[in-house]
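Enquirer: First to last, the protein sequences are chains P and H. Here the working numbering runs 67 ahead of the position in the first sequence, where the first position is 1. Here the working numbering runs 39 ahead of the position in the second sequence, where the first position is 1. Please see the structure below; I have some questions.
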Amino acid sequence: MSPRAEFADLSRELAGVFSEGVDRPLTETAFNDLALRSFAYQVATNPVYEGFVRGRGTSPEGVGSWQDIPAVPASGFKAVRLVSGDPGRVEKVFRTSGTTAGARRGEHYVLDLELYRASLLPNFLAHLVPDDANVRLLSLIPSPVELTDSSLSYMIGCVADRVGPGRAEFYMDAGGRIDHGALRHALARAEAAEEPVLLVGTAFALVHWMDAMNEGAWTFRLPAGSRLMETGGFKGRSRTLPREEFYAALTECHGVPTGMIVNEYGMTELLSQFYEPVIRDSADPGLAERRHVPPPWVRTRVLDPVTLSPAPDGSPGLLCHFDLANLGSVCAVLTEDMGVTVDDGFRVLGRSTGAEPRGCSLAMDELMSASSSSKEVRP
Amino acid sequence: MTPFDGWTVPAGAGDRLGEERAEAAGGAIAYPVLSSDAIRGLCSSLRDSREALLSHAVRDIAASLGAVGARFGSGGDPLREEALSLLPHMAGLSPAMAELVLDGMARDWTEPRLLELLEAEFADPRVLDAFQAGPRGSSRALGPPFTLHIGAGTVPGVSVTSLVRALLVKSAVLVKPGLGDVVLPNLFLRGLQEHAPEIAAAAAVLYWPGGEGSTSDAEAAVLAEADTVIVYGSDDTIRDVRSRTPASARMVVYHHRLSLGLVGAEALTGEEKARATVASVARAVATFDQRGCVSPHVVYVEQGGMVSPAGLAGLLAEALEALEHEVPSGAVTPEEASAVHQIRGAAELRMAAGEDVAVYSGGEAPWTVIYGPEPDFKASCLNRVVRVAPVRRLVDVVPHLVRVRRHLQTVAVAGAGEAAELHESLARAGVLRITGFEAAPWPPPWWHHDGMGPLTTLVRWVDAEE
């Protein structure tokens, strides 16, 4: 079969899997089968990945389990172009946020936006509107029209077509400026009309928004059924808040209970996302006890940071994802995020857990352009 | 394991610290939880003892400090043995590296080296004792009444050097070491308390977790007490301490520093010479597991030697592997291990993409050599991860240092030939020290540390005109 036909075939099959939604787990055998076929396809069509795999002394013939498929480091998306298929048919290039001038940004080449859409929608809907509620989507994430190379903006754009009564309303521009007045009016209108709201934003955007609310002494008691999705970290783009404080402030400012606030963990390098299933389960175990769950087409392993072999159950390690939605690039991605396995998901422990820096020669973020991957702040 | 007591204070002052203790470094270190009053009490006791310190001749102080310092280099001495037993765990170094570092640091704490330092800094070191007549009247150099040292903890022993410098200029001193450097200053001061209690009475070592949090009030109190604040650390630490230090206090700052190596074609005229050169390059990279501000991050290699820059990268990998057996690397944090995987993997991908890149690594050992053609200076993630890049002539490296000019420190050079032009270019580029690879980890005691005289930068001159 030609690579293009193989891609079309696998895509179709994966889209079928995605359309089953997140409630039907794939069996290990089914997942493994799809993973091995995707791996073989990627090695056959992506010479860079092929060289990488060969350099690791392996090949599709030598791999029987998806767990043995070599993972590329997330920072690899900054170093090379990872396309599994004809680079001439790339539909979209998503880029990681460039927080530092001059630093190279990670690039995710997407061959099939339809597949991205098929993966993100059921997962988002299952975790943010499992009740099919008629919520108005208000976004502190710039629109995909404004921020054309952001996978997060693209995602919100897709979601907007499926949620709520009308168009999505975007209140942050590509430069990160929030239209405070407009958002204030929209929230006030929703409050008055008893129209539940789904407010989405990055953590730093929400902090800036709440700072403005405090200044203006505005608060809202959004109607029951309103909910919030926050994503990304602060990463020097606003003041940093401990999570408890951040969520308490979100509740205080918007009248949305903690159990209706969901964190999305995603990265440009992965076309699938991870959510905390608190709305979906109608149960919040408390912020410290929350976990993120992968959709059935993603498996996440926790690896010993030194040896990269699986960490013992319950021990922290590096998160390594195998995301079938990444068919057009590379499915197996090793992140820089620490986490721990929890039930059917994992808890993200962040990149550094308060360790004192190692002083005078500690490598500075801005100088380490080869190392840091995008992690949180996607737009 | 019983935690190590992370504090040493003058006899009698201990009572003021109160009873409450906390632990750090996973229970390896205990420290007193101080109230602002307690720390002010300690500061004033140190200040009071400065009077006695002023009455000692600087040569006698150097002799006393040197006597204690020498114990750390003397095999079988209980102080050295205790240091060697604690350092691997507390500083995250292998036992062999701990010994190498202790030997290197302690060399500069001996009397002859301290006298050398005094003589390099002052035409007549007795200006620290009394007015000395000169051709234009007489002058006197006085250290600050009270200095606070905030250490980084990157390299063990740096806090001792800092403590020693303060006592040489007869300043009462409180050292707050970084977490990785708690052992040596405490042991040193305990040795000094035994040997020269009157001098030791003006010094204290006290660990507490810096920055914000439960200790921030006490920290604010001590920052308010200090006449001079000497701070080592990341740019963030410096910024933070600076923002909380009273405007009237003097600050001496040792911020982030980055070092590099230059290997000229003359050092690569034959296989044997190349191997000898590479062995010293590997040692400069591996010492302190590359955490020193003097540790090279990038090694630039001149083209045209018998060994090519890419060939040198391969030899360097062999040398680092050999060193891994002789002086193993210490434990790395998960974040550090992760950074190593990311850098290696990205380099492997570039290789696979057909770029002129090579990557060599120690597997589970963190050492990594990445050869690549681009000459930009990129900081390493440390733990013996080094880049090798080709340059046509060594001096061609200069434009690539512009971006890091404020952070440049040591350039280790081998085989540069007639080097005056190179030295001048490096100096203008912001470099602070030019040396050989062998000497790179061990600056002499009299070096202009980050461009400043280590003692002259502390003193205030008083002139009595005729």
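Beta carbons: idealized from backbone N, C-alpha and C, even for Gly.
Considering Glu297/P, what are the terminal residues of the beta strand (DSSP E) in which it resides?
Expert: From DSSP, the beta strand (DSSP E) with Glu297/P extends over 294-298.
Enquirer: Taking only runs of the alpha helix (DSSP H) that begin and end inside the segment 243-268 of chain P, which ones reach a length of at least 4 residues, in chain order?
Expert: List check, alpha helix (DSSP H) in window: 247-260.
Enquirer: Is the beta carbon of Ser199/H sitting closer than 8 Å to the one on Pro183/H?
Expert: Looking at the sequence provided, one finds Val at residue 199/H rather than Ser. It is not a contact, given that the beta carbons lie outside the stated cut-off.
Enquirer: The beta strand (DSSP E) with Leu228/H in it runs from where to where?
Expert: Note, Leu228/H: premise wrong, no beta strand (DSSP E); alpha helix (DSSP H) at 222-234.
Enquirer: Note down, in chain order, every chain H residue with its Cβ under 7 Å from the Cβ of Thr374/P.
Expert: Per Cβ cutoff of 7 Å: Glu403.
Enquirer: Taking all protein chains shown into account, do 16 or more other C-beta atoms lie within 10 angstroms of the C-beta of Thr407/H, making it buried, or fewer, making it exposed?
Expert: Buried is the call here.
Enquirer: Out of curiosity, what's the CA-to-CA distance linking Leu308/P and Gly333/P?
Expert: Whole-angstrom Cα-Cα distance: 20 Å.
Enquirer: Quick check: what's the CA-CA separation for His95/H versus Asp168/H?
Expert: About 8 Å.
Enquirer: List in chain order: all unbroken alpha helix (DSSP H) runs of 4+ residues lying wholly within the segment 342-414 of chain P.
Expert: The qualifying runs do not exist here; there are none.
Enquirer: In terms of residue numbering, what span does the beta strand (DSSP E) encompassing Arg310/P cover?
Expert: Arg310/P -> not in any beta strand (DSSP E); alpha helix (DSSP H) instead, spanning 310-321.
Enquirer: According to DSSP, what are the bridge partners of Leu178/P?
Expert: Partner(s): none; Leu178/P has no beta bridge.
Enquirer: In its own chain, which residues sit with a C-beta less than 8 Å from the C-beta of Met431/P, not counting the 5 before and 5 after it?
Expert: Residue placement at Met431/P is poorly supported in this model, since its pLDDT is 40, which falls under 50; the coordinates still yield a value, given next. Cβ neighbours of Met431/P beyond the five flanking positions: none.
Enquirer: Following the continuous beta strand (DSSP E) through Pro405/H, name the residue where it begins and the one where it ends.
Expert: Start and end: 404-410.
Enquirer: Are the CB atoms of Val291/H and Ile277/H within a distance shorter than 8 Å?
Expert: No, Cβ-Cβ distance for Ile277/H and Val291/H is not below 8 Å.
Enquirer: Is the number of C-beta pairs between the segment 89-105 of chain H and the segment 52-70 of chain H that are closer than 8 Å three or more?
Expert: The segment 89-105 of chain H vs the segment 52-70 of chain H: no contact.
Enquirer: So, does the CB of Glu403/P fall closer than 8 Å to a CB anywhere in chain H?
Expert: It does: the Cβ of Glu403/P has a partner Cβ on chain H nearer than 8 Å.
Enquirer: Per the DSSP calculation, Val244/H is bridged to which residue(s)?
Expert: In DSSP, Val244/H forms a bridge with Thr47/H, Val214/H.
Enquirer: Hey, could you find the ends of the alpha helix (DSSP H) Gln109/P is sitting in?
Expert: Segment 95-112, the alpha helix (DSSP H) holding Gln109/P.
Enquirer: At a CB distance below 8 Å, what residues from the segment 141-155 of chain P approach chain H? Give them in sequence order.
Expert: Listed by position along the chain: Ala141, Ser142, Gly143, Lys145, Ala146, Val147, Arg148, Leu149.
Enquirer: Name the residue from Ala315/H, Ala313/H, Glu59/H, Val425/H whose alpha carbon lies nearest to the alpha carbon of Thr326/H.
Expert: Looking at the Cα atoms, Val425/H is the closest of the given residues.
Enquirer: Do we get a CB-CB distance below 8 Å when we pair Leu534/P with the residues of chain H?
Expert: Limits of chain P in this structure are 68 at one end and 446 at the other, which puts residue 534/P out of reach.
Enquirer: For Phe106/P, which residues in chain H fall below 7 Å Cβ to Cβ?
Expert: Per Cβ cutoff of 7 Å: no residues; Phe106/P is ~15 Å from chain H at best.
Enquirer: Since I believe Ser319/H is in contact with Phe476/H (beta carbons under 8 Å), could you give me their beta-carbon distance rounded to a whole number of angstroms?
Expert: Phe476/H to Ser319/H, Cβ: 4 Å. Contact.
Enquirer: Should Gly173/H be labelled buried (16 or more other beta-carbon atoms within 10 Å of its own) or exposed?
Expert: Gly173/H comes out exposed.
Enquirer: Is the beta carbon of Glu336/P less than 8 Å from the beta carbon of Val400/P?
Expert: Yes. Within cutoff.
Enquirer: Using a C-beta cutoff of 8 Å, does Val115/P count as contacting chain H?
Expert: Closer than 8 Å: yes.
Enquirer: For Val365/P versus Val345/P, is the C-beta distance shorter than 8 Å?
Expert: It is not a contact, given that the beta carbons lie outside the stated cut-off.
Enquirer: Can you give me the Cβ contacts of Ser12/P inside the same chain, cut-off strictly under 8 Å, excluding the 5 residues immediately before and after it?
Expert: Outside the displayed span of chain P (68 to 446) sits residue 12/P, for which this structure offers no information.
Enquirer: Below 9 Å on C-beta distance, what does Val274/P contact in chain H?
Expert: The premise fails here: Val274/P is roughly 18 Å from chain H at the closest Cβ pair, so nothing lies under 9 Å.
Enquirer: Mind reading off the beta-carbon distance from Val430/H to Tyr410/H? Whole number of angstroms is fine, and I expect it under 8 Å.
Expert: No, Val430/H and Tyr410/H are not in contact; Cβ-Cβ is about 13 Å, not under 8 Å.
Enquirer: Assuming Trp454/P is part of the beta strand (DSSP E), what are its boundary residues?
Expert: Residue 454/P is absent from the model: chain P starts at 68 and stops at 446.
Enquirer: Give me the chain H residues within the contact set of Val400/P, using Cβ-Cβ distance strictly less than 9 Å, ordered along the chain.
Expert: Result: empty, since nearest Cβ-Cβ is about 10 Å, beyond 9 Å.
Enquirer: For a test of the three-state rule: what should DSSP assign to Gly331/H, helix, strand or coil?
Expert: DSSP places Gly331/H in coil when its eight states are reduced to three.
Enquirer: Using DSSP with H/G/I as helix, E/B as strand and the rest coil, what is His95/H?
Expert: Coil, per DSSP.
Enquirer: Between the beta-carbon of Gly219/H and the beta-carbon of Pro195/H, is there less than 8 Å?
Expert: Result yes, Cβ atoms of Gly219/H and Pro195/H sit closer than 8 Å.
Enquirer: In the structure shown, what three-state DSSP assignment does Ile223/P receive?
Expert: Ile223/P falls in the helix class under three-state DSSP.
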